[in-house]
Amino acid sequence: MKWLSNIFMKRSNWSIPYFIFLLIFVVLPLVLIFLYAFQDADGNFTLKNFSKFISNPEAANTFVYSIGVAIVTTVLCILLGYPAAYILSNSELCRSKVTVVLFILPMWINILVRTLATVALFDFMRLPLGEGALIFGMVYNFLPFMIYPIYNTMQKMDHSYIEAAQDLGASPMKVFTKVVAPLSMPGVMSGVMMVFMPTISTFAIAELLTMNNIKLFGTTIQENINNGMWNYGAALSLIMLVIIFATNLFSDDEDQAANEGII
Amino acid sequence: MSDSNFIIELSNISKSFGDKTVLDDVSLYVKKGEFVTILGPSGCGKTTLLRILAGFGSADEGEIKIGGVDITEVPPHERPINTVFQRYALFPHLNVYDNIAFGLKLKKVKDDEIEARVRRALKMVGMTDYEWRDVNSLSGGQQQRVAIARAIINRPQVLLLDEPLAALDLKMRKDMQMELKEMHKTLGITFVYVTHDQEEALTLSDTIVVMSEGKVQQIGTPIDIYNEPVNSFVADFIGESNILNGTMIQDKLVRFMGRDFECVDAGFGENAPVDVVIRPEDVYIMSYTDSGMFEGVVQSCIFKGVHYEMLVNTPDGYEVMIQDYNAFEVGQKVSMIIKPSDIHVMKKERTTNTFEGKMVDATHVEIMGAEFVCAEQQGFEGGEQVMVEVDFDKIDLMDNKEDGTMMGDVRFILYKGDHYHLTIRTEGGDNLYVDTHDVWDDRDIVGIKIQPEDIRIKRA
Chain E
104 MKWLSNIFMK RSNWSIPYFI FLLIFVVLPL VLIFLYAFQD ADGNFTLKNF SKFISNPEAA
164 NTFVYSIGVA IVTTVLCILL GYPAAYILSN SELCRSKVTV VLFILPMWIN ILVRTLATVA
224 LFDFMRLPLG EGALIFGMVY NFLPFMIYPI YNTMQKMDHS YIEAAQDLGA SPMKVFTKVV
284 APLSMPGVMS GVMMVFMPTI STFAIAELLT MNNIKLFGTT IQENINNGMW NYGAALSLIM
344 LVIIFATNLF SDDEDQAANE GII
Chain W
15 MSDSNFIIEL SNISKSFGDK TVLDDVSLYV KKGEFVTILG PSGCGKTTLL RILAGFGSAD
75 EGEIKIGGVD ITEVPPHERP INTVFQRYAL FPHLNVYDNI AFGLKLKKVK DDEIEARVRR
135 ALKMVGMTDY EWRDVNSLSG GQQQRVAIAR AIINRPQVLL LDEPLAALDL KMRKDMQMEL
195 KEMHKTLGIT FVYVTHDQEE ALTLSDTIVV MSEGKVQQIG TPIDIYNEPV NSFVADFIGE
255 SNILNGTMIQ DKLVRFMGRD FECVDAGFGE NAPVDVVIRP EDVYIMSYTD SGMFEGVVQS
315 CIFKGVHYEM LVNTPDGYEV MIQDYNAFEV GQKVSMIIKP SDIHVMKKER TTNTFEGKMV
375 DATHVEIMGA EFVCAEQQGF EGGEQVMVEV DFDKIDLMDN KEDGTMMGDV RFILYKGDHY
435 HLTIRTEGGD NLYVDTHDVW DDRDIVGIKI QPEDIRIKRA
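Listed in order, the protein sequences are those of chains E and W.
Our numbering applies: residue 104 is where the first sequence begins, and numbers increase by one.
Our numbering applies: residue 15 is where the second sequence begins, and numbers increase by one.
Next up, the structure:
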């Protein structure tokens, strides 16, 4: 039995179950996607899946459109979320805690339930479903992910920076543009990561809020896989992963502290 | 009206946070070019005062003038004042150059002038060639220098320094003190410096303002403050001292440690209770002879570098701290002499605790928000307002706070040679003064108990 207790004694051994989990549920699927993407239906090596994506205007268009929607959603989230976070971080502590929870509260409800409720709301108000509804749904669902990291960075910001700026002659406007805005950038970057990445790949919101009229890239992947086109679906997934990976790198460059915003 | 002479005029400033009074009617007048230090223990209100001067907090009452202009309502960015912050507050997203140029860029000064002035400021603080460094890569001392450069480059009328050296190590602090003094001379700007370090205050200042409990205790030159402290708090806070209870028998004759001493003070009246302050270096110590004024036995002797610090016990049970170049062995019998001019006599601020109270019934009185049992009283009605007196040595302090009638915490400890004089802050914010032989620590929470027969009740 001694060997068993030895295994448990070493702290580093405790992580073994997690490694196994990661191996099975993260690494293995990624490897499979990679392999499938470079194979045809018979299992032979091919690049046809990628050339099909480039030559097929429909898929490529959907891809560009998805990125467009993601960018619009992210920009709207910044425009709405930044002032919200700024106001929240400035008001008195107890009151702002309650308001922060109010902003976060929708996240406690499942995203599909919320989106179905949005559909019902649009129906009730006789508003047409479509592109506008899609953007609304996206912003509504992802806004908390933008507010929270920005709020967090602003909360942690040392108040003496603001006082130092005032002391050196900065008007409230200048304090904001010269100090608060640059210092809250890491939070904005985290927010962008947390909004932009998932919006590229969602398909449920698009399906429900546009009555399946507008296809996003996530929908295309889902359709291909549902229709048994595993290899093509894998190739599309790989393309999306590469894009997300690229944005990730870009934001890391921007500021290492970006991740501090995420709790 | 003593106008134009003063650059800073703070008149009757009061400030409370909730029901806690932080500044209580503080007035301070500073001459142009002076180096003024506001000195006091933490929580005495010195930083609050500085923040009000800088504009980061507003006073509930009072008026602030800079150079004769009322700036009470002026926001901080329009005040002709710059601050060096305690934790530097350098902008982490800007490099050294941009940090220092921050103020000038806001004023839209021309680029080449900014560059020349930044270089001059950097040279002044000894940081030439550091322009393009990231501020986060600098050491604490270097950050402090940049913070000073960032403030002085704007040529303010007044420079505020909020414990700027507190985070530096001793050696660095000493060097920076000298540099600050030098800078003050060169620039000719009025410096207002906040610190809790009495040595720093004595070294740097033209004028020291000693604060405690939101009030100015004494304003004077370092020499005045050291040699002629106005009360036992100042005497205890500045330098080492023996503070003893005494009685002024008559003019120029004071009684303490069980015998009469000649002194030079007068005008206290006959048999007036006083505090006596004797600096440890002012007691002359020698091997036992008949010609000494009083005698004692050396209790401890510690080498302090330049001098030895000895504690001597007198036959009457008093402990005297003495600093001398000669060491005397522990257990040795010694004689001591104190020159009349070295005995500083101060009027006692109070000789007993007095409270406003309210009779509850014949055997209960309410003081400081708690109900105490008192000896049966005749001729008072329930609810009647009364004055209550309790002597310092008649208050019992308990370790176990539940055992007391009420609770308080120890705010100030004064050793009086044979006992401790404590200031206790009660839950309701009242001060209670207690003489005790027990040793308590600062901020200890204690239970407070008073025996019924020790509560004296008088008609209000």
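Quick reminder that beta carbons are idealized off the backbone N, C-alpha and C, glycines included.
Keep in mind that this is a model prediction, so the values were computed, not measured.
Proximity winner among W:Thr328, W:Val88, W:Glu242 and W:Val223, relative to W:Lys347 (alpha-carbon distances): Measuring from the Cα of W:Lys347, the nearest candidate turns out to be W:Thr328.
Considering only their Cβ atoms, is the gap separating E:Met257 from E:Ala188 smaller than 8 Å? Going by C-beta atoms, E:Ala188 is nearer than 8 Å to E:Met257.
Let's test the definition: count the other Cβ atoms within 10 Å of the Cβ of E:Ile110 and tell me whether it reaches 16, buried, or not, exposed. With fewer than 16 neighbouring CB atoms inside 10 Å of its own CB, E:Ile110 falls in the exposed class.
Looking at chain E, is there any beta carbon in it that lies within less than 8 Å of the beta carbon of W:Leu136? With 8 Å as the cut-off, W:Leu136 does not count as an interface residue toward chain E.
When you compare only the Cα positions, how much space is there between W:Asp238 and W:Asn256? If I take the Cα positions, the gap works out to 18 Å.
Between the beta-carbon of E:Asn152 and the beta-carbon of E:Asn327, is there less than 8 Å? Going by C-beta atoms, E:Asn152 is not nearer than 8 Å to E:Asn327.
Is it the case that the region 144-151 of chain W contacts the region 101-118 of chain W, given that we only count it when at least three CB pairs across the two stretches are under 8 Å? At 8 Å Cβ cutoff, the stretches touch.
Neighbourhood of W:Gly140 by C-beta, 8 Å cutoff - its chain only, sequence neighbours within 5 removed: Answer for W:Gly140: Arg159 and Glu193, listed in chain order.
For E:Val291, decide whether its Cβ has a neighbour in chain W, counting only Cβ atoms nearer than 8 Å. Judged by the 8 Å Cβ criterion, E:Val291 is not in contact with chain W.
Hey, E:Thr176 and E:Val242: beta-carbon distance below 8 Å or not? In this structure, E:Thr176 sits near E:Val242, with a CB-CB distance shorter than 8 Å.
When W:Ala389, W:Glu398 and W:Cys277 are compared against W:Glu467, the one with the closest alpha-carbon: With distances taken between CA atoms, W:Glu467 lies nearest to W:Ala389 out of W:Ala389, W:Glu398 and W:Cys277.
Below-8 Å beta-carbon distance, W:Leu179 vs any chain E residue: Interface flag for W:Leu179 against chain E is unset, since no Cβ pair is found closer than 8 Å.
Between E:Tyr189 and chain W, is any beta-carbon pair separated by less than 8 Å? No, E:Tyr189 does not count as interfacial toward chain W.
Members of the region 111-130 of chain W that neighbour chain E once the beta carbon cut-off is set at 8 Å: The residues in question are Phe116, Gly117, Leu120 and Lys121.
Quick one: what's got a C-beta closer than 7 Å to W:Ser30's C-beta in the same chain, skipping five residues either side? Answer for W:Ser30: Val36 and Asp74, listed in chain order.
Per the contact definition of three or more C-beta pairs closer than 8 Å, is the region 243-259 of chain W in contact with the region 209-217 of chain W? Between the region 209-217 of chain W and the region 243-259 of chain W, the count of Cβ pairs shorter than 8 Å is three or higher; the stretches touch.
What are the boundary residues of the alpha helix (DSSP H) that includes W:His198? Boundaries of the alpha helix (DSSP H) harbouring W:His198: Leu184 to Leu201, taken from the DSSP string.
Proximity test, Cβ basis, 8 Å: W:Phe31 and chain E: No, its Cβ sits nowhere closer than 8 Å to a Cβ of chain E.
Check the Cβ-Cβ distances between W:Ala103 and every residue of chain E, and say whether any is below 8 Å. Closer than 8 Å: yes.
Taking 7 Å as the limit between beta carbons, can you name the residues of its chain near W:Glu48, skipping five residues before and five after? Within the same chain, W:Glu48 has close Cβ partners Thr204, Asp220 and Thr221.
Kindly say whether E:Pro252, judged by its beta-carbon, lies nearer than 8 Å to any beta-carbon of chain W. Answer no: the Cβ-Cβ gap between E:Pro252 and chain W never drops below 8 Å.
Taking the continuous alpha helix (DSSP H) assigned at W:Val132, which residues delimit it? Residues Asp125 to Met138.
Keeping to the same chain, check which residues put their C-beta closer than 6 Å to that of W:Ile85; ignore five residues upstream and five downstream. Ile78 and Arg93, listed in sequence order.
Report the partner residues of W:Ile477 according to the DSSP bridge assignment. Lying before the first or after the last residue shown, residue 477 of chain W is absent from chain W, which here runs from 15 to 474.
Other residues of its chain near W:Asp455: CB distance less than 6 Å, five sequence neighbours each side excluded: Once the five neighbours on either side are set aside, W:Asp455 has no close Cβ partner at all.
At least one CB of chain E closer than 8 Å to the CB of W:Ala68: is that the case? For W:Ala68, the answer is yes, since a Cβ of chain E falls inside 8 Å of its Cβ.
Going by other Cβ atoms of all chains shown within 10 Å of its Cβ, with 16 needed for buried, is W:Asp176 buried or exposed? Burial state of W:Asp176 is buried, judged by a 10 Å Cβ sphere holding 16 or more other Cβ atoms.
State yes or no: is the C-beta of W:Val172 within less than 8 Å of the C-beta of W:Ile95? At the C-beta level, W:Val172 and W:Ile95 come within 8 Å of one another.
How would you list, in chain order, the residues of chain W whose beta-carbon sits under 9 Å from the beta-carbon of E:Val203? Scanning chain W for C-beta atoms nearer than 9 Å to the C-beta of E:Val203 yields nothing, as the closest lies near 25 Å away.
Along chain E, in chain order, which residues have C-beta atoms closer than 7 Å to that of W:Thr97? Neighbours of W:Thr97 on chain E, chain order: Asp270.
Return the residue from the list W:Ser305, W:Val224 and W:Val98 that minimises the CA-CA distance to W:Asn245. Of the candidates W:Ser305, W:Val224 and W:Val98, the one whose C-alpha sits nearest the C-alpha of W:Asn245 is W:Val224.
Which residues, in order along the region 138-168 of chain E, keep a beta-carbon less than 9 Å from a beta-carbon of chain W? Listed in chain order, the positions of the region 138-168 of chain E with a beta carbon within less than 9 Å of a beta carbon of chain W would be empty, since no residue qualifies.
Please look up how many angstroms separate the CB atoms of W:Val400 and W:Lys372, rounded, as I've assumed it's under 8 Å. Approximately 7 Å separates the beta-carbon atoms of W:Val400 and W:Lys372; this is inside 8 Å, confirming the contact.
Under 8 Å: do the region 276-295 of chain E and the region 218-236 of chain E share three or more Cβ pairs, one atom per stretch? Short answer: they don't touch.
Leaving out the 5 sequence neighbours to the left and right, which residues in its chain are closer than 7 Å to W:Met420 when beta-carbon positions are compared? Met382, Ala384, Thr440, Glu441 and Ile462, listed in sequence order.
Going along chain W in order, which residues have a C-beta closer than 7 Å to the C-beta of E:Tyr264? By Cβ distance, chain W contributes Ala103 and Phe105.
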